Amino acid sequence: MLKVFSNPTQIVTVNTSGKNYKRGKEHNDIGLLSGYSLVVEDDIIKDFIPNTSVKNYETDEIIDVKDKIILPGLIDCHTHTAFAGTRSDEFRDRLKGKTYEEIAKTGGGINKTVAAVRRASTEELINTISPRIDYFISQGVTSLEIKSGYGLDFENEVKMLKVISFLNSNYEIDIIPTFLGAHTFPPEARDNHRAYIDLIENDMLLYIAHNDLAKFCDGFCEATAFSLTELEEIFRKAKSHGLAIKIHTDQFRNLGGIDLALNLKAASADHLEVVDDEDIKKLGNSEIACVLLPGTSFFLNVPYAPARKLIDNNAILALSTDYNPGSSNISNINLIMSIAALKMKMTIEETISAFTINAAKALMISEDKGSIEIGKKADLAIFNTNDYADIVYNVGRNMNYMTVKNGNVIYIAD
Ligand code: NIG
Ligand code: FE
13 MLKVFSNPTQ IVTVNTSGKN YKRGKEHNDI GLLSGYSLVV EDDIIKDFIP NTSVKNYETD
73 EIIDVKDKII LPGLIDCHTH TAFAGTRSDE FRDRLKGKTY EEIAKTGGGI NKTVAAVRRA
133 STEELINTIS PRIDYFISQG VTSLEIKSGY GLDFENEVKM LKVISFLNSN YEIDIIPTFL
193 GAHTFPPEAR DNHRAYIDLI ENDMLLYIAH NDLAKFCDGF CEATAFSLTE LEEIFRKAKS
253 HGLAIKIHTD QFRNLGGIDL ALNLKAASAD HLEVVDDEDI KKLGNSEIAC VLLPGTSFFL
313 NVPYAPARKL IDNNAILALS TDYNPGSSNI SNINLIMSIA ALKMKMTIEE TISAFTINAA
373 KALMISEDKG SIEIGKKADL AIFNTNDYAD IVYNVGRNMN YMTVKNGNVI YIAD
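The sequence shown begins at 13 in this note's numbering and counts up one residue at a time.
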């Protein structure tokens, strides 16, 4: 089946000439094409043809996208979308001056959401999460990572991952599952870390790997969560089961998480709000995707990650919403792009590379996703504007007109 997406004003290809990521200065090179239409065969990008030749082109379908621009489908590579309940009470407390960490230390924070997820049935979770996925799709998202990490015991971590797996099979987009059992210690393990780590290593990881319930193992390296040595042990076990590694690190403190990520060849190091110059240098020469989450800094009112320094040191930068109820109750990708531009001084082009090809790199799917290159999957976000700058300029406005997954139109705006 051949389809032509005809007469767009621009195609933002994010071309990488087959390299499949961008680092340093390359982030700015978004491979802009004007005057071309896009040919898709089944689920694959087949060709770029001049607009003038569309009328003579033999095709099964022409989809007119005049006065629109085509981007690669957006990729949100770090989310905690599978949560239940609310933390609006903590939001009120933070507005009065309490910090996120103070709330966590007194039993709130992540563990408040853990209680809500443990209470929720599988069906309730599916009903709660589905509209959130619909919203991502309406914004042009074609691949979405979702973490567990609010179950924190065998039954409830598995429940979360099975819900994520069900949602993946029910939605056209790719939902990539990450096991985040090492998010924090649950209340029953506060005084017995060893028992919880054993549970992760001996029971959870075994079951999850055996049942193919997660691609990645993630962990939170912080004073209120897991120490470096605790995480290293868990990650080595996860790797031995074939899971790839992601790490929440350097959000509030530098505990050495970057070295751990480098040693274990993690796919990504996420957060990095307080990353120091020495670690920036190391990241700059590495293959690790640095996933920055400016929504968290905005929502918690804390300093932003040093995006410019990372780019100047030749790092590979991705952006994500970090959508979660406690530190970034934001699932609006346009807003995150604008915050990244305004607060972290990223260029418009850099924010686009960071939400497409480099987000794909962070999820280890960039070989066939994240850019519009011949042979790659036809995952597209088609925006209702004549200039890609509008996506970042129109702060928080969803300008997506059409979402295309594997060559199929799965969403059209009213
Ligand atoms: O990425 N930092 C740890 N985890 C999440 C927050 C989760 C929560 O507060 O519920 C984050 O910011
Ligand atoms: Fe997170």
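Glycine included, C-beta positions come from ideal geometry on N, C-alpha and C. No experiment lies behind these values; they were computed from the predicted model shown.
Do A390 and S383 have their C-beta atoms closer together than 9 Å? Against a cut-off of 9 Å, the Cβ pair of S383 and A390 comes out as no contact.
Please confirm whether G231 and L295 have their CB atoms less than 9 Å apart. No, these two residues do not count as a Cβ contact at 9 Å.
Roughly how many whole angstroms lie between the Cα atoms of K34 and I42? Counting only the Cα atoms, I42 lies some 10 Å from K34.
Is D59 near the ligand FE, going by C-beta to nearest heavy atom under 8 Å? Judged by the Cβ position, D59 fails to qualify as a neighbour of the ligand FE at the 8 Å threshold, every heavy atom of the ligand being at least this far.
Please tell me whether, using a cut-off of 8 Å, the distance from the CB of V242 to the nearest non-hydrogen atom of the ligand NIG is below it. Reading off the sequence, residue 242 comes out as Glu, not Val. No, the ligand NIG has no heavy atom inside 8 Å of this Cβ.
Cross-strand partners of G231 (DSSP beta bridge): G231 pairs with A194, I259.
Buried or exposed, going by whether 16 or more other CB atoms sit within 10 Å of the CB of G408? It is exposed - the Cβ of G408 has fewer than 16 other Cβ atoms within 10 Å.
In this structure, does DSSP put N32 in helix, strand or coil? Three-state DSSP puts N32 in coil, outside helix and strand.
Best match in L276, K417, A116 for proximity to I57 [C-alpha to C-alpha]: Of all alpha-carbon atoms in L276, K417, A116, the one lying nearest the alpha-carbon of I57 is that of K417.
Examine chain D for any beta-carbon lying closer than 9 Å to the beta-carbon of V16, and answer yes or no. The structure shown contains no chain D; it is built from a single protein chain.
Determine the direct distance from the alpha carbon of T98 to that of D55, and round the result to whole angstroms. About 38 Å.
Local conformation of P315 per DSSP, three classes: DSSP places P315 in coil when its eight states are reduced to three.
V170 vs I141 beta-carbon contact at 9 Å: In this structure, I141 does not lie closer than 9 Å to V170 by Cβ.
Could you pull out every unbroken beta strand (DSSP E) segment of at least 3 residues lying fully inside the stretch 103-181, listed in chain order? Every beta strand (DSSP E) of 3 residues or more that sits fully in the stretch 103-181 is shown, in chain order, as 153-159.
For D215 and F247, believed in contact at Cβ under 8 Å, the rounded distance: The pair is not a contact, with the Cβ atoms about 17 Å apart (cut-off 8 Å).
Could you compute how far the alpha carbon of N313 sits from the alpha carbon of F367? Whole-angstrom Cα-Cα distance: 23 Å.
Output yes or no for whether 9 Å exceeds the beta carbon distance between P337 and F95. The criterion of a C-beta distance shorter than 9 Å is satisfied by P337 and F95.
Relative to the C-alpha of S298, which residue among F310, V286, A273, G307 is closest? Considering only alpha carbons, the answer is A273.
To the nearest whole angstrom, what separates the beta carbons of E361 and T25, a pair I think is in contact under 8 Å? Your pair E361 and T25 does not check out as a contact, with CB atoms roughly 12 Å apart and the cut at 8 Å.
Which first and last residues belong to the beta strand (DSSP E) in which T415 is found? Taken as a continuous stretch (DSSP letters only), the beta strand (DSSP E) holding T415 covers 412-417.
Using beta-carbon positions only, say whether L217 and C229 come within less than 9 Å of one another. The answer is yes: Cβ separation under 9 Å.
By DSSP's criteria, K15 is part of a beta bridge. Which residues make up the other side? DSSP lists V52, E73 as partners of K15.
Distance check for I158 and A194, CA to CA, integer angstroms please. Distance between the alpha carbons of A194 and I158 is about 15 Å.
Comparing C-alpha positions only, which one of K124, I74, L255 sits nearest to N223? Per the Cα distances, L255.
Own chain residues within Cβ distance below 7 Å of A235, not counting five before or after: Around A235: R265.
From S133 to F178, what does the alpha carbon distance come to, in whole angstroms? Near 14 Å, if we compare the C-alpha coordinates of F178 and S133.
Near the ligand NIG: N398 beta-carbon under 8 Å from a heavy atom: Distances taken from the Cβ of N398 to the heavy atoms of the ligand NIG include none shorter than 8 Å.
Could you name the residues of the same chain whose beta carbon sits closer than 7 Å to that of G387, not counting the 5 residues immediately before and after it, in chain order? Result list for G387: I56, I57, in chain order.
Does the beta-carbon distance from A319 to M356 come in below 9 Å? Cβ atoms of A319 and M356: closer than 9 Å.
In or out: A393 buried (at least 16 other Cβ within 10 Å) or exposed? Looking at its Cβ environment, which holds 16 or more other Cβ atoms inside 10 Å, A393 is buried.
Among residues of its own chain, excluding the 5 on either side of Y48, which ones have a beta-carbon nearer than 7 Å to its beta-carbon? Hits under 7 Å: I23, F60, I61, P62, N63.
On the CB-based measure, 16 or more other CB atoms within 10 Å of its CB, does G161 come out buried or exposed? G161 is buried by the Cβ-count criterion.
At a cut-off of 8 Å, is G121 close to the ligand NIG when judged by its beta-carbon and the heavy atoms of the ligand? In this structure, G121 has its CB closer than 8 Å to one or more heavy atoms of the ligand NIG.
Can you list, in chain order, the residues of its chain with a C-beta nearer than 7 Å to that of L305? Leave out the 5 residues immediately preceding and following it. Result list for L305: H90, D282, H283, S332, D334, S340, in chain order.
Use the C-beta contact count for I212: other C-beta atoms within 10 angstroms, 16 or more gives buried, fewer gives exposed. A residue is called buried when at least 16 other Cβ atoms come within 10 angstroms of its Cβ; I212 meets this threshold and is buried.
Can you look up D101 in the DSSP assignment and give me helix, strand or coil? In this structure, D101 counts as helix in the three-state DSSP scheme.
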